[in-house]
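In my numbering, the protein residues as written are 477 to 861.
As structure tokens, then:
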């Protein structure tokens, strides 16, 4: 394995859980993240460095949960530790997720001082009725105030998250929100069509009939909002992600390009690609158990994690699934390098059919679905397997 890779750090703490969220997180007491969690996290980082001979970090992404709940002292501690123990590439991308309600000048100064150069801001909606219903902390005013402050005082990139079709959202309110946000010219916008996940509060409300929900509305609204973004100069470089110029997420491209990454923290996942095998492991979501283990003397055989070794069939499926999420698509050369064999004849046959339907294109050795073709990615994957 190459001794350079990407690092994801999971901060699984929130003040409250949003109704639609199925990411692993818990409510933190007194709005404070325990210092022992940070110490355990650093202990795991040291172990993973030795375990996988990691020297250089290409990207760092701190997500959650709500990383912006970290104290300024904790933020500095994490980055001081990383710089002491790893080499950061000269052009490293360091992303930090933040709740708009936590944005202030002091936090921005701390993040800048730590080398963070990309902020990911969870806006989701600018409709107060929607935000209140799903239990977001920030209302429309706080969301816009946060974006305004970042644009005025932040020298790095800004990415904004939006979700189409949340309950009580209307076509008018969401398209107005997209236009309002575009006025601030964020470098990057992630826009998702709402997926109602089983086990979430929102799923239970819909299943019980407490609220009525039109699943088709989310998809149709996404298509209309996508047109607004494209007409405003944003490029759809991945199914749900848009950027101006070349301000795409390099960290997320690691996932979509099947490059190795380490996930540190309770509930975090890692995938390490090797010449002979590929391993994927997910840390325990028992936070107390995570802290207890990594604060002691860790032994590899006892690490509280779920481990999976990916076979070639699984890797091939993921190669196509992840690659065709992106505008760039997949290349002959990378497939040959990755699997030591040429692209399957079945894939080439199906791809030619999609080209004739004007849903796909081949250019400079890359095979890609166009914007219309991406809408039918699942069908494409079924046809090539």
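All C-beta atoms, glycine included, are put in the ideal place defined by N, C-alpha and C.
Just so we're clear, the structure is a prediction, and the values are computed from it rather than from any experiment.
Check	Outcome
Best match in 480, 515, 699 for proximity to residue 487 [C-alpha to C-alpha]	515
For residue 636, the first and last residue of its enclosing beta strand (DSSP E)	633 to 640
Residue 546 versus residue 668 - alpha carbon distance	26 Å
Burial state of residue 850 (16 or more Cβ within 10 Å)	buried
Inter-residue Cα distance where the pair is residue 675 and residue 493	12 Å
DSSP-derived helix/strand/coil call for residue 838	strand
C-alpha gap between residue 521 and residue 740, whole angstroms	7 Å
Other residues of its chain near residue 716: CB distance less than 7 Å, five sequence neighbours each side excluded	666, 667, 668
Those runs of the beta strand (DSSP E) which lie wholly inside the stretch 750 to 788 and span at least 3 residues	754 to 759, 781 to 786
Where the beta strand (DSSP E) through residue 728 begins and ends	That residue, residue 728, is in no beta strand (DSSP E); its alpha helix (DSSP H) goes 726 to 732.
Neighbourhood of residue 770 by C-beta distance below 6 Å, restricted to the same chain and skipping five residues each side	516, 519, 520
Cβ-Cβ distance between residue 490 and residue 539 below 7 Å	no
Where the alpha helix (DSSP H) through residue 599 begins and ends	It is not in any alpha helix (DSSP H) - residue 599 instead sits in the beta strand (DSSP E) that spans 594 to 600.
Simplified DSSP state of residue 626, which is helix, strand or coil	helix
8 Å CB neighbourhood of residue 625 in its chain, flanking five on each side removed	579, 580, 581, 584
Closest by C-alpha distance to residue 753, when choosing among 732, 760, 790	790
Residue 477, DSSP secondary structure in three states	No answer about residue 477 holds up, because its pLDDT of 49 lies below 50 and its placement is not dependable.
Coarse secondary structure for residue 535, derived from DSSP in three states	strand
Proximity test, Cβ basis, 7 Å: residue 607 and chain C	Here there is only one protein chain, and chain C is not present.
Nearest to residue 878 (by Cα), restricted to the options 681, 678, 647, 636	Because the chain is modelled from 477 through 861, residue 878 falls outside the range shown and cannot be assessed.
Per-residue burial, residue 631 [other beta carbons within 10 Å of its own, 16 or more giving buried]	exposed
Cutoff 7 Å; reference residue 872; Cβ partners in own chain excluding five residues on either side	Outside the displayed range of the chain (477 to 861) lies residue 872, so it cannot be described from this structure.
Every unbroken beta strand (DSSP E) within the stretch 680 to 724, with a cutoff of 3 residues, ordered by chain	711 to 714, 717 to 719
Residue 565 vs residue 737 beta-carbon contact at 7 Å	no
Contact set for residue 833: own chain, Cβ-Cβ below 6 Å, skip 5 residues either direction	none
Buried or exposed by the 16-neighbour rule on C-beta atoms within 10 Å, applied to residue 799	buried
In DSSP terms, what residue 572 is bridged to	538, 595
Spatial distance of residue 810 from residue 686 (CA atoms)	49 Å
Complete alpha helix (DSSP H) runs within the stretch 502 to 528 (minimum length 4 residues, chain order)	511 to 527
Beta carbon of residue 656 nearer than 7 Å to that of residue 618	no
Cα-Cα separation between residue 689 and residue 603, rounded to whole angstroms	17 Å
Beta-carbon gap between residue 533 and residue 562 smaller than 7 Å	yes
Which residues DSSP lists as bridging residue 482, in chain order	535, 737
Reduced DSSP category for residue 843 - H, G, I as helix; E, B as strand; rest coil	strand
Cut-off 7 Å between Cβ atoms - residues of its own chain near residue 682, not counting five sequence neighbours on either side	672, 689
Range of the contiguous beta strand (DSSP E) that encloses residue 492	First-last for residue 492: undefined, no H or E at that position.
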